[in-house]
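Enquirer:
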Amino acid sequence: MADLTFLDGVRQLRSEAGPPAPSEPTRLGLNAIRTCEAVFQPRNVHDAFLASDGHINTLAEAVKDGGVDVFDPLLVWWSGQAWYVIDGHHRLDAIRQAHDDRPKLGITDVPVKVFSGSLDDAIAQSVARNSKDKLPMKQADKLESAWRLIALNSAMTKDQLRDVTSVSLRTIANMRKKRRELVDQGLDPMGLSWLDVKAGQNSQNPDEGWIERQARDWMEKLVKAFGKKLREQPEIAARMLELYSETLPRELVRFWPDEVQSEADDLRELEF
-17 MADLTFLDGV RQLRSEAGPP APSEPTRLGL NAIRTCEAVF QPRNVHDAFL
33 ASDGHINTLA EAVKDGGVDV FDPLLVWWSG QAWYVIDGHH RLDAIRQAHD
83 DRPKLGITDV PVKVFSGSLD DAIAQSVARN SKDKLPMKQA DKLESAWRLI
133 ALNSAMTKDQ LRDVTSVSLR TIANMRKKRR ELVDQGLDPM GLSWLDVKAG
183 QNSQNPDEGW IERQARDWME KLVKAFGKKL REQPEIAARM LELYSETLPR
233 ELVRFWPDEV QSEADDLREL EF
(Lines of atoms letter the chains of each structure in order from A and count residues from 1; the text may use other names and numbers.)
(Lines give C-alpha, C1' and ligand atoms only; values in the text may rest on other atoms or scores of the structure.)
Protein backbone atom coordinates (compact mmCIF):
# COMPACT_ATOMS: atom_id res chain seq x y z
CA MET A 1 0.00 0.00 0.00
CA ALA A 2 2.39 2.66 -1.21
CA ASP A 3 1.64 6.38 -1.40
CA LEU A 4 -1.56 6.20 0.63
CA THR A 5 -2.64 8.85 3.09
CA PHE A 6 -3.43 7.80 6.65
CA LEU A 7 -7.15 8.21 5.95
CA ASP A 8 -6.98 6.14 2.76
CA GLY A 9 -4.98 3.46 4.53
CA VAL A 10 -7.48 3.20 7.39
CA ARG A 11 -10.36 2.98 4.91
CA GLN A 12 -8.60 0.25 2.96
CA LEU A 13 -7.86 -1.80 6.06
CA ARG A 14 -11.42 -1.40 7.33
CA SER A 15 -12.71 -2.62 3.97
CA GLU A 16 -10.73 -5.84 4.50
CA ALA A 17 -12.61 -6.73 7.68
CA GLY A 18 -13.61 -10.36 7.56
CA PRO A 19 -13.36 -13.69 9.33
CA PRO A 20 -10.67 -14.28 11.95
CA ALA A 21 -7.32 -15.71 10.91
CA PRO A 22 -7.44 -19.43 10.15
CA SER A 23 -4.55 -20.01 12.56
CA GLU A 24 -2.02 -18.16 14.70
CA PRO A 25 1.27 -18.69 12.87
CA THR A 26 4.73 -18.41 14.35
CA ARG A 27 6.31 -18.08 10.89
CA LEU A 28 5.08 -16.56 7.63
CA GLY A 29 6.39 -16.54 4.09
CA LEU A 30 7.88 -13.26 2.87
CA ASN A 31 5.16 -12.90 0.25
CA ALA A 32 2.45 -13.47 2.86
CA ILE A 33 3.33 -10.32 4.83
CA ARG A 34 1.90 -7.00 3.69
CA THR A 35 2.79 -3.48 4.78
CA CYS A 36 0.73 -0.32 5.14
CA GLU A 37 3.28 2.31 6.12
CA ALA A 38 0.73 5.13 6.03
CA VAL A 39 -1.05 3.53 8.99
CA PHE A 40 1.54 1.38 10.78
CA GLN A 41 4.80 3.30 10.30
CA PRO A 42 4.64 6.38 12.55
CA ARG A 43 7.96 7.83 11.38
CA ASN A 44 8.10 10.31 8.54
CA VAL A 45 9.00 8.19 5.51
CA HIS A 46 10.67 11.22 3.89
CA ASP A 47 13.42 10.94 6.52
CA ALA A 48 14.28 7.43 5.37
CA PHE A 49 17.29 8.49 3.37
CA LEU A 50 18.67 10.28 6.44
CA ALA A 51 18.28 7.53 9.02
CA SER A 52 16.49 4.38 7.93
CA ASP A 53 18.67 3.37 4.97
CA GLY A 54 21.84 2.98 7.02
CA HIS A 55 19.86 1.23 9.74
CA ILE A 56 18.40 -1.22 7.21
CA ASN A 57 21.80 -1.91 5.63
CA THR A 58 23.20 -2.77 9.05
CA LEU A 59 20.28 -5.08 9.78
CA ALA A 60 20.61 -6.74 6.36
CA GLU A 61 24.24 -7.58 7.09
CA ALA A 62 23.13 -9.18 10.36
CA VAL A 63 20.67 -11.36 8.41
CA LYS A 64 23.40 -12.42 5.97
CA ASP A 65 25.61 -13.43 8.89
CA GLY A 66 23.07 -15.01 11.22
CA GLY A 67 19.88 -15.71 9.28
CA VAL A 68 16.37 -14.33 9.84
CA ASP A 69 16.14 -15.72 13.36
CA VAL A 70 18.80 -13.27 14.50
CA PHE A 71 15.91 -10.80 15.05
CA ASP A 72 12.93 -10.81 17.37
CA PRO A 73 9.76 -11.93 15.55
CA LEU A 74 7.88 -9.36 13.49
CA LEU A 75 4.61 -8.26 15.09
CA VAL A 76 1.78 -8.94 12.63
CA TRP A 77 -1.98 -8.28 12.62
CA TRP A 78 -4.75 -9.99 10.66
CA SER A 79 -6.95 -7.51 8.75
CA GLY A 80 -9.57 -10.07 7.79
CA GLN A 81 -7.89 -10.78 4.47
CA ALA A 82 -4.14 -10.61 5.04
CA TRP A 83 -1.31 -10.31 7.55
CA TYR A 84 0.18 -6.84 8.05
CA VAL A 85 3.37 -6.02 9.92
CA ILE A 86 2.64 -3.44 12.62
CA ASP A 87 6.10 -3.46 14.21
CA GLY A 88 9.27 -4.48 12.43
CA HIS A 89 9.19 -2.63 9.10
CA HIS A 90 12.95 -2.06 9.13
CA ARG A 91 13.60 -5.70 9.98
CA LEU A 92 11.30 -6.83 7.18
CA ASP A 93 13.02 -4.48 4.70
CA ALA A 94 16.40 -5.80 5.83
CA ILE A 95 15.31 -9.42 5.40
CA ARG A 96 14.02 -8.69 1.91
CA GLN A 97 17.22 -6.84 1.05
CA ALA A 98 19.34 -9.75 2.26
CA HIS A 99 17.15 -12.15 0.26
CA ASP A 100 17.63 -10.06 -2.90
CA ASP A 101 21.37 -9.65 -2.34
CA ARG A 102 21.99 -13.32 -1.59
CA PRO A 103 19.32 -15.61 -3.06
CA LYS A 104 21.42 -18.60 -2.04
CA LEU A 105 20.52 -17.89 1.58
CA GLY A 106 17.20 -19.51 0.74
CA ILE A 107 15.08 -17.20 2.90
CA THR A 108 11.50 -18.39 2.55
CA ASP A 109 9.82 -17.44 5.81
CA VAL A 110 10.37 -15.30 8.89
CA PRO A 111 9.43 -15.59 12.58
CA VAL A 112 6.33 -13.64 13.57
CA LYS A 113 4.22 -12.92 16.62
CA VAL A 114 0.51 -12.30 16.22
CA PHE A 115 -1.20 -9.26 17.69
CA SER A 116 -4.91 -9.78 18.29
CA GLY A 117 -7.22 -6.79 18.47
CA SER A 118 -9.13 -4.20 16.48
CA LEU A 119 -7.58 -1.93 13.85
CA ASP A 120 -7.54 0.92 16.37
CA ASP A 121 -5.76 -1.36 18.86
CA ALA A 122 -3.22 -2.33 16.19
CA ILE A 123 -2.49 1.32 15.35
CA ALA A 124 -2.01 2.15 19.04
CA GLN A 125 0.27 -0.86 19.45
CA SER A 126 2.32 0.22 16.44
CA VAL A 127 2.78 3.70 17.89
CA ALA A 128 3.72 2.32 21.31
CA ARG A 129 6.29 -0.08 19.87
CA ASN A 130 7.86 2.53 17.59
CA SER A 131 8.06 5.09 20.40
CA LYS A 132 10.43 2.70 22.16
CA ASP A 133 12.29 1.51 19.04
CA LYS A 134 16.09 1.65 18.85
CA LEU A 135 15.80 4.14 15.97
CA PRO A 136 14.23 7.06 17.89
CA MET A 137 11.12 8.79 16.66
CA LYS A 138 11.35 12.52 16.10
CA GLN A 139 9.13 14.76 18.19
CA ALA A 140 7.14 15.74 15.09
CA ASP A 141 6.43 12.05 14.39
CA LYS A 142 5.32 11.47 17.99
CA LEU A 143 2.93 14.42 17.73
CA GLU A 144 1.55 13.14 14.43
CA SER A 145 1.05 9.67 15.93
CA ALA A 146 -0.81 11.13 18.91
CA TRP A 147 -3.01 13.15 16.57
CA ARG A 148 -3.84 10.06 14.51
CA LEU A 149 -5.03 8.17 17.57
CA ILE A 150 -7.11 11.16 18.69
CA ALA A 151 -8.47 11.67 15.17
CA LEU A 152 -9.61 8.04 15.24
CA ASN A 153 -11.58 8.97 18.36
CA SER A 154 -9.72 6.31 20.29
CA ALA A 155 -11.22 5.31 23.63
CA MET A 156 -7.78 5.65 25.25
CA THR A 157 -7.51 7.97 28.23
CA LYS A 158 -5.16 10.97 28.25
CA ASP A 159 -2.73 9.06 30.47
CA GLN A 160 -2.80 6.07 28.11
CA LEU A 161 -2.19 8.31 25.11
CA ARG A 162 0.75 9.93 26.89
CA ASP A 163 2.25 6.56 27.77
CA VAL A 164 1.85 5.24 24.22
CA THR A 165 3.04 8.31 22.32
CA SER A 166 5.36 10.07 24.83
CA VAL A 167 3.45 13.32 24.12
CA SER A 168 2.59 15.65 27.01
CA LEU A 169 -0.87 15.73 28.59
CA ARG A 170 -1.14 19.44 27.74
CA THR A 171 -0.67 18.74 24.04
CA ILE A 172 -3.06 15.77 24.10
CA ALA A 173 -5.75 17.97 25.66
CA ASN A 174 -5.15 20.58 22.96
CA MET A 175 -5.44 17.95 20.24
CA ARG A 176 -8.73 16.69 21.64
CA LYS A 177 -10.07 20.23 21.67
CA LYS A 178 -9.02 20.71 18.03
CA ARG A 179 -10.71 17.44 17.06
CA ARG A 180 -14.00 18.58 18.57
CA GLU A 181 -13.74 21.88 16.70
CA LEU A 182 -13.15 20.10 13.38
CA VAL A 183 -16.08 17.75 13.92
CA ASP A 184 -18.29 20.73 14.73
CA GLN A 185 -17.18 22.25 11.39
CA GLY A 186 -18.20 19.07 9.57
CA LEU A 187 -14.60 18.07 8.77
CA ASP A 188 -13.11 14.60 9.07
CA PRO A 189 -10.13 14.87 11.47
CA MET A 190 -8.54 11.75 9.97
CA GLY A 191 -8.17 13.57 6.67
CA LEU A 192 -5.90 16.17 8.28
CA SER A 193 -2.37 16.01 9.60
CA TRP A 194 -1.46 17.73 12.86
CA LEU A 195 0.59 20.22 10.84
CA ASP A 196 -2.52 21.02 8.81
CA VAL A 197 -4.60 21.49 11.94
CA LYS A 198 -2.07 23.84 13.53
CA ALA A 199 -1.82 25.87 10.33
CA GLY A 200 -5.60 26.08 10.06
CA GLN A 201 -5.47 24.31 6.71
CA ASN A 202 -7.60 21.57 5.24
CA SER A 203 -5.41 19.02 3.47
CA GLN A 204 -8.56 17.51 1.97
CA ASN A 205 -8.33 20.46 -0.44
CA PRO A 206 -5.17 19.90 -2.54
CA ASP A 207 -4.86 23.62 -3.33
CA GLU A 208 -4.14 24.39 0.33
CA GLY A 209 -1.13 22.07 0.69
CA TRP A 210 1.35 24.50 -0.83
CA ILE A 211 3.17 25.10 2.47
CA GLU A 212 3.83 21.38 2.86
CA ARG A 213 5.02 21.05 -0.74
CA GLN A 214 7.31 24.06 -0.44
CA ALA A 215 8.69 22.80 2.88
CA ARG A 216 9.53 19.40 1.40
CA ASP A 217 11.25 21.08 -1.54
CA TRP A 218 13.43 23.12 0.83
CA MET A 219 14.08 20.02 2.95
CA GLU A 220 15.41 18.12 -0.08
CA LYS A 221 17.71 21.04 -0.92
CA LEU A 222 19.04 21.09 2.64
CA VAL A 223 19.70 17.35 2.49
CA LYS A 224 21.66 17.73 -0.74
CA ALA A 225 23.68 20.59 0.74
CA PHE A 226 24.28 19.30 4.27
CA GLY A 227 23.36 15.61 4.41
CA LYS A 228 23.15 14.55 8.07
CA LYS A 229 25.24 17.43 9.42
CA LEU A 230 22.35 19.60 10.63
CA ARG A 231 20.87 16.73 12.62
CA GLU A 232 24.16 15.42 13.99
CA GLN A 233 25.48 18.86 15.03
CA PRO A 234 22.40 20.80 16.21
CA GLU A 235 24.48 23.38 18.09
CA ILE A 236 26.13 24.45 14.83
CA ALA A 237 22.80 24.36 13.01
CA ALA A 238 21.25 26.57 15.70
CA ARG A 239 24.10 29.08 15.46
CA MET A 240 23.87 29.05 11.66
CA LEU A 241 20.17 29.96 11.81
CA GLU A 242 20.93 32.74 14.28
CA LEU A 243 23.61 34.16 11.97
CA TYR A 244 21.19 33.94 9.06
CA SER A 245 18.54 35.90 10.97
CA GLU A 246 18.49 36.99 14.60
CA THR A 247 14.69 36.77 14.62
CA LEU A 248 14.36 33.37 12.91
CA PRO A 249 14.92 31.18 16.02
CA ARG A 250 12.17 33.08 17.85
CA GLU A 251 9.85 32.74 14.86
CA LEU A 252 10.52 29.00 14.69
CA VAL A 253 9.52 28.62 18.34
CA ARG A 254 6.32 30.51 17.56
CA PHE A 255 5.49 28.01 14.81
CA TRP A 256 6.42 24.99 16.97
CA PRO A 257 4.52 25.68 20.21
CA ASP A 258 3.49 22.06 20.78
CA GLU A 259 6.93 20.61 20.06
CA VAL A 260 8.65 23.13 22.35
CA GLN A 261 6.04 22.77 25.10
CA SER A 262 6.15 18.98 24.92
CA GLU A 263 9.94 18.95 25.23
CA ALA A 264 9.73 21.37 28.18
CA ASP A 265 7.12 19.19 29.89
CA ASP A 266 9.31 16.10 29.39
CA LEU A 267 12.30 17.87 30.95
CA ARG A 268 10.23 18.97 33.94
CA GLU A 269 9.01 15.39 34.48
CA LEU A 270 12.62 14.16 34.49
CA GLU A 271 13.48 16.68 37.22
CA PHE A 272 10.98 15.20 39.67
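The sequence shown maps to residues -17 to 254 in our numbering.
Note that beta-carbon positions come from the ideal geometry of N, C-alpha and C, so glycine has one too.
Can you tell me which of the three DSSP states P85 falls into?
Expert: Here the question's residue 85 lines up with position 103 in the sequence shown. P85 falls in the helix class under three-state DSSP.
Enquirer: For the alpha helix (DSSP H) containing W129, name the first residue and the last one.
Expert: Here residue 129 corresponds to residue number 147 of the sequence shown, with the count starting at 1. Element bounds for W129: Q121 to A133.
Enquirer: What's the C-alpha gap between L177 and K86?
Expert: On the sequence shown, position 195 is the one that residue 177 refers to. On the sequence shown, position 104 is the one that residue 86 refers to. Cα-Cα distance, rounded: 46 angstroms.
Enquirer: In the DSSP assignment, what are the bridge partners of L57?
Expert: Against the sequence shown, residue 57 aligns to sequence position 75. Answer by DSSP bridge pairing, in chain order: D69 and K95.
Enquirer: Counting only the same chain and skipping the five closest in sequence on each side, list residues whose C-beta sits under 6 angstroms from that of W59.
Expert: Looking up residue 59 in the sequence shown gives position 77. For W59, where only same-chain residues beyond five positions count, the Cβ hits under 6 angstroms are Y66, I68, F97 and A104.
Enquirer: What does DSSP give as the partner residue(s) for R9 in the beta ladder?
Expert: Sequence index remark: in the sequence shown, residue 9 carries index 27 (1-based). Beta-bridge pairing links R9 to P93.
Enquirer: Looking only at its own chain, which residues have a Cβ that is under 7 angstroms from the Cβ of V92, when we skip the five neighbours before and after it?
Expert: Taking the first residue of the sequence shown as 1, we reach residue 92 at position 110. Closer than 7 angstroms at the Cβ level, and outside the excluded window around V92, lie R9, L10, L12, V50, L56 and I77.
Enquirer: If you draw a straight line from the C-alpha of A181 to the C-alpha of H81, how long is it?
Expert: Within the sequence shown, numbered from 1, the residue matching residue 181 stands at position 199. Within the sequence shown, numbered from 1, the residue matching residue 81 stands at position 99. Cα to Cα, A181 sits roughly 44 angstroms from H81.
Enquirer: With a CB to CB cut of under 6 angstroms and the five nearest residues on each side skipped, what residues in its chain are close to I15?
Expert: Along the sequence shown, read from residue 1 onward, the residue named residue 15 stands at position 33. Closer than 6 angstroms at the Cβ level, and outside the excluded window around I15, lie W65 and V67.
Enquirer: Residue range of the alpha helix (DSSP H) that Q142 falls in?
Expert: Locating residue 142 in the sequence shown gives position 160, where the first residue counts as 1. Counting along the chain, the alpha helix (DSSP H) containing Q142 begins and ends at K140 to T147.
Enquirer: Report yes if the C-beta distance between V109 and V146 is below 7 angstroms; otherwise report no.
Expert: Here residue 109 refers to the residue found at position 127 of the sequence shown. Here residue 146 refers to the residue found at position 164 of the sequence shown. A contact, by the Cβ cut-off of 7 angstroms.
Enquirer: When the Cβ atoms of the stretch 119 to 130 are set against those of the stretch 149 to 164, are three or more pairs found closer than 8 angstroms?
Expert: Segments in contact, yes.
Enquirer: So P216 is in the alpha helix (DSSP H); what residue range does that whole segment cover?
Expert: Here residue 216 refers to the residue found at position 234 when the sequence shown is read from its first residue. It spans P216 to Y226 - the alpha helix (DSSP H) in which P216 sits, taken as one unbroken run.
Enquirer: Based on Cα-Cα distance, which residue from Q121, Q142, S5 and P171 lies nearest to V275?
Expert: An answer regarding residue 275 cannot be provided, because it is not within the stretch -17 to 254 covered by the chain.
Enquirer: Classify N135 as buried or exposed, calling it buried when 16 or more other Cβ atoms lie within 10 Å of its own Cβ.
Expert: Within the sequence shown, residue 135 is the residue found at index 153, counting from 1. Per the 10 Å Cβ criterion, exposed.
Enquirer: Quick one: what's got a C-beta closer than 7 angstroms to R(-4)'s C-beta in the same chain, skipping five residues either side?
Expert: Numbered from its first residue, the sequence shown carries residue -4 at position 14. So the list reads L101, once near-sequence residues are dropped.
Enquirer: Between which two residues does the alpha helix (DSSP H) harbouring K210 extend?
Expert: On the sequence shown, position 228 is the one that residue 210 refers to. Segment: none, K210 is in no alpha helix (DSSP H) and carries neither H nor E.
Enquirer: According to the neighbour-count rule (16 or more other Cβ atoms, all chains shown, within 10 Å of its Cβ), is L41 buried or exposed?
Expert: Locating residue 41 in the sequence shown gives position 59, counting from the first residue. L41 comes out buried.
Enquirer: Report buried or exposed for S227, applying the criterion of at least 16 other Cβ atoms within 10 angstroms of its Cβ.
Expert: Counted from its first residue, the sequence shown places residue 227 at position 245. Classification for S227: exposed.
Enquirer: Start and end of the alpha helix (DSSP H) containing V165?
Expert: Counting from 1 along the sequence shown, the entry for residue 165 is found at position 183. L151 to D166 is the extent of the alpha helix (DSSP H) around V165.
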